[in-house]
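>
Numbering (this note's numbering), first residue to last: 2 to 323.
#1: To test your reading of the DSSP string, which unbroken alpha helix (DSSP H) runs of 4 or more residues are found completely within the stretch 93-130?
#2: DSSP state of residue 244, grouped into three classes?
#3: Along the chain, where does the alpha helix (DSSP H) containing residue 262 start, and where does it finish?
#4: Classify residue 257 as buried or exposed, calling it buried when 16 or more other Cβ atoms lie within 10 Å of its own Cβ.
#5: If I measure Cβ to Cβ from residue 215 and keep anything under 7 Å in the same chain, skipping five residues before and after, which residues do I get?
#6: Straight-line CA distance for residue 302 to residue 125?
#7: Using 9 Å as the threshold, is the C-beta distance between residue 121 and residue 147 below it?
#8: Tell me where the beta strand (DSSP E) around residue 283 begins and ends.
#9: Straight-line CA distance for residue 226 to residue 238?
#10: Among 253, 59, 44, 85, which residue has its Cα nearest to the Cα of residue 69?
#11: If you pair each beta-carbon of the stretch 150-164 with each one of the stretch 50-64, do three or more pairs fall below 8 Å?
#12: Given this structure, state the Cα-to-Cα distance separating residue 219 from residue 204, to the nearest angstrom.
#13: Beta strand (DSSP E) containing residue 81: first to last residue?
#14: Along the chain, where does the alpha helix (DSSP H) containing residue 201 start, and where does it finish?
#15: So, with DSSP's three-state summary, where would you put residue 158?
#16: Given this structure, state the Cα-to-Cα distance separating residue 298 from residue 304, to the nearest angstrom.
#17: At 3 residues or longer, and completely inside the stretch 29-93: list those beta strand (DSSP E) runs for me, N to C.
#18: Which residues in the same chain as residue 131 place their Cβ atom closer than 8 Å to its Cβ, once the five residues preceding and following it in sequence are excluded?
#19: Is residue 167 helix, strand or coil when you go by DSSP?
#20: Count the other CB atoms, across all protein chains shown, that sit within 10 Å of the CB of residue 5; report buried if there are 16 or more and exposed otherwise.
#21: Cα-Cα, which of 197, 265, 195, 232 is closest to residue 308?
#22: Kindly indicate the opening and closing residues of the alpha helix (DSSP H) around residue 1.
#23: What is the DSSP secondary structure of residue 310, reduced to helix, strand or coil?
#24: Check the C-beta distance from residue 174 over to residue 29 and give it rounded, since I have them as a contact under 8 Å.
#25: Out of 280, 311, 101, state which residue places its alpha-carbon closest to the alpha-carbon of residue 246.
Shown next, in the form of structure tokens:
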């Protein structure tokens, strides 16, 4: 079930029901609000109805036991492709971009006859991470799409895409989720987390279910407390930021480190709303610095401990200690 995006569900479902489906849909909105989940649900529903057997379910829902749904869950459906960054050929982590080779292989896939029905579905998650040559290759495909092909293009920053790609898509806008929807998702996905903890996670997550689930699973409440202490009280001896750096710089803390990169700018933004004058100006400057550092650190493979220490200094700037 897709929660919090009734308008997007209705628009897509209506177009499919009338078989007036645009070949490319741009799913645009903040990170973590359910765009990829929507894409999977839409592709599953389309391929299941196209291939059969018939079933009855709410819009965009497909019974988990349906043969097409089971194939998609197993990532073995011959008429579906999910395009995203691949693991690095050397070292750990993912490649920096979705490569032109991946898009060209997609072109080869579209040249084949569909196996299980007349339809194919392609999800690119996110399209923002296409390298330039890959974006140009995709544009050629979108200009002359094969019949009965559905493209679902997830975008966290649609303004950065090629205008020619945007012009060939029907856009669905996704907004940040409200607190009630967030609480429902957390209750469904993290039943072992207490109600009080879920409420705190909702407040930390700024309408992003993806962020909320990561925070809940990683138990980031203590991490938030440590960051808020630096943010509000400063860190004159560097001890607080050193403790954070030591904790998050370990290999075993990779997921918590990634979550902290996401958390730090949002904490500053939240704090800025309650400040005025010089304090607010310091917070806004710190937010810009934290957001930039959090964005480039993974791309440049910056040392986690050094990055956390530097972010700790940015947090301390808000307290006006320097």
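All C-beta atoms in this analysis are idealised placements derived from N, C-alpha and C, irrespective of residue type, glycine included.
Everything numeric in this text was worked out from a predicted model, so none of it was measured.
In this structure, then:
#1: 101-111
#2: helix
#3: Its alpha helix (DSSP H) spans residues 255-273.
#4: buried
#5: For residue 215, the CB contacts under 7 Å within the same chain, skipping 5 residues up- and downstream, are 260 in chain order.
#6: In a straight line, the C-alpha of residue 302 is about 24 Å away from that of residue 125.
#7: yes
#8: Residue 283 -> not in any beta strand (DSSP E); alpha helix (DSSP H) instead, spanning 278-300.
#9: Rounded to the nearest angstrom, the two C-alpha atoms are 18 Å apart.
#10: 44
#11: no
#12: 16 Å
#13: 81-84
#14: 196-206
#15: coil
#16: Take the alpha-carbon of residue 298 and the one of residue 304: they are about 8 Å apart.
#17: The stretch 29-93 contains these whole beta strand (DSSP E) runs: 81-84.
#18: Sequence-distant Cβ neighbours of residue 131 in its own chain, meaning closer than 8 Å and more than five residues away, are 98, 99, 104, 125, 139.
#19: Secondary structure at residue 167: helix, using DSSP grouped into helix, strand and coil.
#20: Its Cβ being crowded by 16 or more others within 10 Å, residue 5 is buried.
#21: 265
#22: Residue 1 cannot be examined here, being either before or after the span of the chain that is shown, 2 to 323.
#23: If DSSP states are grouped into helix, strand and coil, residue 310 belongs with the helices.
#24: Confirmed, about 6 Å.
#25: 311
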